[in-house]
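In the numbering used here, the protein residues as written are 381 to 492.
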């Protein structure tokens, strides 16, 4: 299992939950559209990232990174300083994990 990718995906899911349910800047009833957007743009790639880390599937990890890139960049850079700046760390974790998996695959193919 790729630990960096798994931790990034778990962190993304935790940040998504914190954003939805303990966000001090949001009004108490969070809109359905907000929940749907965050589930599709952050939670779904987090699930994909966890699966990719467990299966060591580099293509899926790249897909999780690309899928979550726009929303995580927005949430990570919209307000500085903020606890949601950790979304940038999530993107870096996905990227590092995908690169490591790709490099491992290249090393294996070079040995044959």
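Ideal placement from N, C-alpha and C gives every residue a C-beta, glycine not left out.
- Query: If we count Cβ pairs, one from each stretch, closer than 8 Å, do we get three or more for the region 473 to 483 versus the region 432 to 446?
  - Reply: yes
- Near residue 419, what residues of its chain come up, given a Cβ to Cβ distance below 6 Å and the 5 sequence neighbours on each side ignored? In the chain shown, residue 419 corresponds to position 39, counting from 1. So no residue of the chain qualifies.
- Message: Mapping the DSSP letters down to three states, classify residue 484 as helix, strand or coil.
- Response: Taking the chain shown and counting its residues from 1, the one referred to as residue 484 is at position 104. Note: residue 484 maps to helix in three-state DSSP.
- Message: Taking only three categories from DSSP, how would you classify residue 425?
- Response: The residue given as residue 425 occupies position 45 in the chain shown. DSSP places residue 425 in helix when its eight states are reduced to three.
- According to the Cβ coordinates, are residue 386 and residue 456 closer than 9 Å? The residue you call residue 386 lines up with position 6 of the chain shown. The residue you call residue 456 lines up with position 76 of the chain shown. Their beta carbons are not under 9 Å apart, which means residue 386 does not touch residue 456 by this criterion.
- Item | Per-residue DSSP class, three states only, for residue 342 | In the structure displayed, the chain extends from 381 to 492; residue 342 sits before or after that span and is not available.
- Message: Quick check on the burial criterion: 16 or more other C-beta atoms within 10 angstroms. Buried or exposed for residue 422?
- Response: For this step, residue 422 is matched to residue 42 along the chain shown. It is buried - the Cβ of residue 422 has at least 16 other Cβ atoms within 10 Å.
- Bounding residues of the alpha helix (DSSP H) (the contiguous stretch that carries residue 416): Residue 416 sits at position 36 when you count from the first residue of the chain shown. For residue 416, the uninterrupted alpha helix (DSSP H) segment begins and ends at 412 to 418.
- Message: Suppose contacts are defined by Cβ-Cβ distances below 9 Å. Is residue 449 in contact with residue 388 by that definition?
- Response: Residue numbering aside, residue 449 sits at position 69 when the chain shown is read from its first letter. Residue numbering aside, residue 388 sits at position 8 when the chain shown is read from its first letter. Not closer than 9 Å, so no.
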